[in-house]
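Residue numbers (this note's numbering): 122 to 290. Notes to accompany the following structure.
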């Protein structure tokens, strides 16, 4: 959906408008012709800022600069809207050393990017009888990433897996 553009100079249809000068001082309610004359004398444009009020509020400014400032403001707002994602790292209670270090490396990467990391130790079959192995794996994981991350939720069981969530410090 495209955003509505502000009306400028001849596009303004209201017979009277409330005019604000380029320095921010309020001039008052003027006839549209007088307002346009003031804008052309200043070498600027008459831009409708608040079209829904009665009378519409117009400002005497450079329209190009106004559009530039608006787009700059919009980009800044988009930049601040970083969505935090959940990344999941799945481990097993009997994980080998290289596999473990590989998963830790990925988790560190995700955390540095600002994402939350959910570490799951999944128990298959009869492995569920040895919960202590899963706890050891999670404890080892905690010690590997404790310099850049902190635990958001302590390790707990969810079905057949032990889960812990990490966030950036």
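Ideal Cβ placement from N, Cα and C applies to all residues, glycine included.
Anticipated Cβ contact below 8 Å, residue i with residue j, distance rounded
i	j	result
residue 298	residue 168	Past the edges of the chain, shown from 122 to 290, lies residue 298, and the structure says nothing about it.
residue 153	residue 133	6 Å
residue 255	residue 240	Contact doesn't hold; Cβ gap of about 11 Å is too wide.
residue 143	residue 156	Going by Cβ atoms, the distance from residue 143 to residue 156 rounds to 13 Å, so no, they are not a contact pair.
Beta-carbon contacts of residue i that lie in its chain and below 6 Å, excluding the five residues immediately before and after
i	result
residue 208	231, 236, 238
residue 275	none
residue 225	265
According to DSSP, residues forming a beta bridge with residue i
i	result
residue 211	241
residue 287	238, 272
residue 149	140
residue 204	For residue 204, which the question treats as bridged, DSSP gives no partner whatsoever.
residue 180	141, 168
Neighbourhood of residue i by C-beta, 8 Å cutoff - its chain only, sequence neighbours within 5 removed
i	result
residue 150	137, 138, 139, 140, 176
residue 205	235, 236, 237
residue 171	177, 178
residue 145	none
residue 160	130, 166, 167, 181
residue 283	241, 242, 244, 252, 255, 256, 259, 276, 277
Secondary structure of residue i, DSSP reduced to three states
i	result
residue 123	Here residue 123 scores only 48 on pLDDT, less than 50, and its place in the model should not be relied on; the value that follows carries that caveat. Residue 123: coil per DSSP, three-state reduction.
residue 279	strand
residue 259	helix
residue 167	strand
Candidates the options, of which the one nearest residue i by Cα
i	options	result
residue 214	129, 257, 198	257
residue 244	131, 221, 148, 278	278
residue 229	127, 289, 148, 220	289
residue 178	251, 127, 262, 246	127
residue 272	246, 259, 212	259
Same chain, Cβ closer than 7 Å to residue i, five either side skipped, listed in chain order
i	result
residue 339	Only positions 122 to 290 of the chain appear in this structure, which leaves residue 339 out of reach.
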